[in-house]
Amino acid sequence: MKHYLEKLINQEDLSIEEMKDVSHYCFTDTVTDSEIASFLTALKMKGETADEVAGIVDVIRSKSSFSTAHIPNAMDNCGTGGDKSYSFNISTTSAFVIAGAGIPVAKHGNRSISSKTGSADVLEHLGVSLTFANNHVEEMLQENKITFLFAPHVHEALKPFSKVRRELGLPTIFNAIGPLTNPVFLDSQLLGVYHPDMVQMLAKSLHKLGRRRAVVVNGAGSMDEASLAGENKLALLDQGEITTFTLNPEEVGLPLYPNNQIRGGDAKENATILRNVLRGVKGAYYDTVLFNAGLALYANGSAETIKTGIARAKESIDSGAAMESLQHLIEYSRKIPSEV
298 MKHYLEKLIN QEDLSIEEMK DVSHYCFTDT VTDSEIASFL TALKMKGETA DEVAGIVDVI
358 RSKSSFSTAH IPNAMDNCGT GGDKSYSFNI STTSAFVIAG AGIPVAKHGN RSISSKTGSA
418 DVLEHLGVSL TFANNHVEEM LQENKITFLF APHVHEALKP FSKVRRELGL PTIFNAIGPL
478 TNPVFLDSQL LGVYHPDMVQ MLAKSLHKLG RRRAVVVNGA GSMDEASLAG ENKLALLDQG
538 EITTFTLNPE EVGLPLYPNN QIRGGDAKEN ATILRNVLRG VKGAYYDTVL FNAGLALYAN
598 GSAETIKTGI ARAKESIDSG AAMESLQHLI EYSRKIPSEV
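Shown next as structure tokens:
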């Protein structure tokens, strides 16, 4: 560990193999909390590279005992966290809209770390299980096009990291890699990130991790979601090629709203917001979900343009398909508690 810490302190990047080596060491019984904290801090201060992100993600996924059969065209739409915007659960709400449009969504998430309410908090309040087994995940993706993978449940080996992260209380590489560690093989992904400097780097990481197609977005106001407050910075990964561009919501037919119009609250309040959006209640919450779900369908490649994706997202809500995907997941959860 000392060798790698010295390299990081001297602003030297680690190769994929070096990152795998030090990450494997962090999972051993001999590593100390102070070593992990020093490693995460030094890496953050230097600035993570695509190779470093891909290296640690490979190791984390290899340590997960959770695995499923390959689900064709599966995707995830998750933000990195760390933006401290205290918005409602945008990606979680959008996931049901994407599923309602017919795309399998392996929604990977956690409890609140840097926001008031994480995806696990709001879904648990709605009645969704946080302990789906492998066969449950596969069944839901095939039957309902959506499931939830609770990060601590599918990554039990990460407990030492979780303890250190809580004590540090600062964004680390885990704020960037959380959405990348999904144990389900993903064909495509929409990834929101809190800092614009990370957009292109994470797009490169997604390519190294085998994504066919993806969009990485840093929202206006440094949100880790697409924002209706102004200019969004994006990178499109398509078959290994990365294209960067900016996008204003008015360019795709959506109105402008300041970010304070999409603030959320506790799990109960955010669950109400989620249900209202899926019922089609118009306003800033609804339009924000249309924007993010539309971008996800574009990232998946099932929509040729972002405008087309937004239209498909609206149809998913208006037809009741998005709400049906939520209800099915809740009903399925009620049937399995004795099995897990």
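Just so we're on the same page, this note's numbering is the position in the sequence shown counted from 1, plus 297.
The beta carbon of each residue, even a glycine, is placed where N, CA and C say it ideally should be.
Just so it is clear, the structure is predicted and the values come from calculations on it, not from any experiment.
Query: Alpha carbon of Val451 to alpha carbon of Asn479, nearest angstrom; Result: 9 Å
Query: Same chain, Cβ closer than 6 Å to Pro493, neighbours up to 5 away in sequence not counted; Result: Asn515, Lys530
Query: Rounded C-alpha distance that separates Ser384 from Met495; Result: 21 Å
Query: Top-ranked residue by Cα proximity to Ile607, from Ala339, Asp355, His321, Ser391; Result: Ser391
Query: Bridge partners - Leu534, DSSP secondary structure assignment; Result: Ala511, Ile539
Query: Whole alpha helix (DSSP H) elements within the segment 325–349, 4-residue minimum; Result: 330–343
Query: Cβ distance (whole Å) where Thr414 is taken to contact Asn567 below 8 Å; Result: 5 Å
Query: DSSP state of Thr444 mapped onto helix, strand, coil; Result: strand
Query: C-beta contact flag for Gln486 and Arg508 at 8 Å; Result: yes
Query: Contact belief for His405 with Leu340 at Cβ below 8 Å, rounded distance in angstroms; Result: Wrong, their Cβ atoms sit about 22 Å apart, outside the cutoff.
Query: Run of the beta strand (DSSP E) containing Met620, from where it starts to where it stops; Result: Premise fails: Met620 lies in the alpha helix (DSSP H), 618–632, not in any beta strand (DSSP E).
Query: Same chain, Cβ closer than 8 Å to Thr602, five either side skipped, listed in chain order; Result: Tyr595
Query: Residue from Met372, Val356, Arg358, Leu305 with nearest C-alpha to Thr346; Result: Leu305
Query: Inter-stretch contact at 8 Å, needing at least 3 Cβ pairs: the segment 540–553 / the segment 521–529; Result: yes
Query: One or two residues paired with Cys266 in a DSSP bridge; Result: No answer is possible for residue 266: the residues shown for the chain start at 298 and end at 637.
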